[in-house]
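Visitor: Which chain is which? The protein sequence lines are E and L, in order. 1 is the number of the first residue of the first sequence in the working numbering; add one for each residue after it. 1 is the number of the first residue of the second sequence in the working numbering; add one for each residue after it. Even glycine gets a Cβ: it sits at the ideal position worked out from N, Cα and C. Sharing a structure, written as structure tokens. Questions coming.
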Amino acid sequence: MAKKEKDIIQHDHNHDGVDRRGFLKCMAWAGTGAFCVIQGGVLKSYSLSRLSEIGPSEAAGELSFVQISDSHMGFNKPANPDVVGTLKAAVDKINALSRQPEFMLHTGDISHLSKPEEFDTVDQILKGAGPKDTFFVPGEHDVLNDDGKMFRERYAKNAKGDGWYSFDKKGVHFVGLVNVMNLKAGGLGTLGHDQLEWLESDVKSLKHSTPIVVFAHIPLWSVYPEWGWGTEDSAQALSYLKKFGSVTVLNGHIHQIMQKVEGNVTFHTACSTAFPQPAPGTAPSPGPMKVPADQLRSVLGITDVNHVQGKQALAVVDSSLA
Amino acid sequence: MRRSVFTASLALAVLIAGALQAAKTVSAQPHQAQASTAEVKIDNFSFGPQTLTVAVGTTVTFVNHDDIPHTVVSTDGVFKSKVLDTDDKFVYTFSKAGTFPYFCSIHPKMTGKVVVQ
């Protein structure tokens, strides 16, 4: 475990959750997934590219699951002409984990253009994964033409509102939020009044010791508002979670790994399985980043999470597809 | 004498200005009659030009040059494109004067406006 501690941000001078080392690491992991372990209610994440470094104690826990994100099925531009191949590689990576995760979370942008055949292809590929259950939240690319109707019919039938819901697994409370609907000109991601009210009542009666995992597409912290990488009303949502000893927030959208710890809340963004995006402000726009073909899989990946009762953190492990 | 030279040059200046104005008016008329067109390019997650000024009746074509889909949605609900994948176009004719702010509903940080005079 001590070996992993070095990845935790030590010097966060700008309070932005990124130090230089962390930034370089994020770049190295961009596009990967992550392995997360919940230990004692705190989630730790490891890049899937570093799976071989994860010892049995890190991988162990009462509960482990995998986060995948941003498959962008249908994307066929130079940044990755084979998003089918890289999603399959992500599934292979999951199936190769020493401990099989119990389920998967997909944090949105399943499809590139919200087409039924794109969703079909992802569903088909995910059938090949060991874990049989996947919990989805939509990305903005999944709700392009119909205000998310197709998404809800396929992936969130029993959800509330635009597709938000919660569930419990082995004492951990999971909350899937939707922050890609009804976006306002000039603004960021939005949860909206109805969803915030639902969230407040959803967690009201839970014990403070209950580990909470919140997952949503757009980051629920201000990663880089200039590129729209944040959520307008996330502070309100987080205020309902203050009383809990362990809160883990898992997001996608930015196609690179970033982590920030603020009090009892650990924020984590996963890599895409499709293509990397530039680090904040390092390019004219957040558009797909073209890397040499032989390096692509090192910047794509998955995230594995483990929970161990009695320990303080969930372990989140990001691994690249390389 | 000096005064008359000054008056003469002033008169000349007014005459030239008037002629220029007339020329402008003359050239503008056939332009409008031809139903003018203009283009807004979507590049690097931004609309260019961000503010486009056109005459009433101008048809504006929005073209997406990004690798990522975008939309063109009027903030006031006047017009709304379908999702524009790479190289897709959205065409709209502005038949009324006014200022028409718009944004990309997928990436709402992207905003622009068309001023119709």
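#1: If contacts are defined as beta-carbon pairs under 8 Å, then H268 of chain E and L63 of chain E qualify, I think. What distance do you get, rounded to the angstrom?
#2: What is the DSSP secondary structure of K132 of chain E, reduced to helix, strand or coil?
#3: Decide if K242 of chain E is buried, meaning its Cβ has at least 16 other Cβ atoms within 10 Å, or exposed.
#4: For a cutoff of 8 Å on Cβ pairs, would you count A90 of chain E as touching chain L?
#5: Return no unless some Cβ of chain L is closer than 8 Å to the Cβ of N145 of chain E.
#6: With DSSP as the reference, please indicate the residues paired to P101 of chain L in a beta bridge.
#7: Under 8 Å, Cβ to Cβ, is there at least one residue of chain E near H107 of chain L?
#8: Check the C-beta distance from H173 of chain E over to H72 of chain E and give it rounded, since I have them as a contact under 8 Å.
#9: Mapping DSSP to helix, strand and coil, what is E232 of chain E?
#10: Quick one: does I218 of chain E have its CB under 8 Å from some CB of chain L?
#11: Answer yes or no: does any C-beta atom of chain E fall closer than 8 Å to that of V60 of chain L?
#12: With 8 Å as the limit, tell me which residues of the region 274 to 299 of chain E have their beta carbon closer than that to any beta carbon of chain L; keep them in chain order.
#13: Where do the N-terminal and C-terminal ends of the alpha helix (DSSP H) with F151 of chain E fall, by residue?
#14: Tell me, to the nearest whole angstrom, how far the beta carbon of L199 of chain E is from that of T231 of chain E; I am working on the premise that it is less than 8 Å.
#15: So, is H106 of chain E buried or exposed, given that buried needs 16 or more other C-beta atoms within 10 angstroms?
#16: Quick check on Q29 of chain L: buried or exposed, where buried means 16 or more other Cβ atoms within 10 Å of its Cβ?
#17: Counting Cβ pairs, one atom from each stretch, are 3 or more of them under 8 Å apart for the region 274 to 291 of chain E and the region 214 to 230 of chain E?
#18: Please list the segments of the beta strand (DSSP E) lying wholly inside the region 165 to 225 of chain E, counting only runs of 3 or more residues, in order along the chain.
#19: Does the Cβ-Cβ distance between F103 of chain L and T111 of chain L come in under 8 Å?
#20: With a threshold of 16 other CB atoms inside 10 Å of the CB of T303 of chain E, please say whether the residue is buried or exposed.
#21: Out of curiosity, what's the CA-to-CA distance linking Q100 of chain E and G85 of chain E?
#22: Going by Cα to Cα distance, which pick from E:V175, E:P219, E:Y224, E:F215 is closest to S201 of chain E?
#23: What do you reckon, are the CB atoms on G161 of chain E and D194 of chain E nearer than 8 Å?
#24: Taking C-beta to C-beta, are G139 of chain E and D109 of chain E nearer than 8 Å?
#25: When DSSP labels each residue in this structure, what does Q124 of chain E get in the three-state scheme?
#26: So S114 of chain E and S272 of chain E are in contact, right, with Cβ under 8 Å, and what is the actual spacing, rounded?
#27: Secondary structure at Q100 of chain E, three-state DSSP: helix, strand or coil?
#28: Between K149 of chain E and chain L, is any beta-carbon pair separated by less than 8 Å?
#29: Given that L183 of chain E touches chain L, what residues does it touch there, using C-beta distances under 8 Å?
#30: Compare the C-beta of E197 of chain E with all C-beta atoms of chain L and state if any pair is closer than 8 Å.
#31: Judging by CA-CA distance, which residue of E:S319, E:L314, E:V178, E:D146 is the nearest neighbour of I218 of chain E?
#32: Can you find the residues in the same chain that come closer than 8 Å, C-beta to C-beta, to G57 of chain L, ignoring five residues on each side of it along the sequence?
#33: Mapping DSSP to helix, strand and coil, what is I42 of chain L?
#34: I'd like to know whether the C-beta of V83 of chain L is nearer than 8 Å to at least one C-beta of chain E.
#35: My assumption, with CB atoms under 8 Å, is that D85 of chain L sits in contact with P69 of chain L. Please give the rounded CB distance.
#36: So, with DSSP's three-state summary, where would you put T86 of chain E?
Guide: In brief:
#1: Contact doesn't hold; Cβ gap of about 16 Å is too wide.
#2: coil
#3: exposed
#4: no
#5: yes
#6: L:K113
#7: yes
#8: With 8 Å as the limit, H173 of chain E and H72 of chain E do not qualify as a contact, their Cβ atoms being about 29 Å apart.
#9: coil
#10: no
#11: no
#12: P284, S285, P286, G287, P288
#13: 149 to 155
#14: Not confirmed; about 13 Å, so no contact.
#15: buried
#16: Per-residue confidence for Q29 of chain L stands at a pLDDT of 44, beneath the threshold of 50, marking its modelled position as unreliable; no derived number is given.
#17: yes
#18: 165 to 169, 172 to 176, 212 to 215
#19: yes
#20: buried
#21: 22 Å
#22: E:V175
#23: yes
#24: yes
#25: helix
#26: About 17 Å; that fails the 8 Å criterion.
#27: coil
#28: no
#29: S105, I106, P108
#30: no
#31: E:V178
#32: Q32, A35, S36, T93, F94, S95
#33: strand
#34: yes
#35: 5 Å
#36: helix
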